[in-house]
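Numbers -23 to -1, 1 to 43, taken from mature numbering (1 follows the signal peptide of the UniProt record, and there is no 0), label the letters of the sequence shown in order.
From the three backbone atoms N, C-alpha and C, an ideal C-beta is built for every residue, glycine too.
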Amino acid sequence: MDQEQFWILILHCFLMGINAIEAKQWVETFYKDSTPSETTIKRWFADFKRGNVEFTGSFTYLAKPY
């Protein structure tokens, strides 16, 4: 799965009211070896809370290379 697809899954979790830790655990249930780091997910959540829900196509702060 690529980063955009993970970003969309995490955005979905955010919109459902799931917190960042629960979102990480949920995604890891299905994509154990390729999930973004907890730090990345928390940053995405912070972006979502600021109203940034547009995918820009670049992730300058990825904590886990793929």
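Go through its chain and collect everything with a Cβ distance to Phe25's Cβ below 7 Å, but skip five positions before and after it. Leu(-13) and Phe(-10)
Taking 7 Å as the limit between beta carbons, can you name the residues of its chain near Thr6, skipping five residues before and five after? none
Given a cut-off of 8 Å, decide if Trp(-17) and Phe22 are closer than it, judged by their beta-carbon atoms. no
Kindly indicate which residue of Lys19, Asp10, Ser11 and Gln(-21) has the alpha-carbon position closest to the one of Glu(-2). Lys19
Close Cβ partners of Val30 (< 7 Å) along its chain, the five nearest in sequence each way excluded: Leu(-13)
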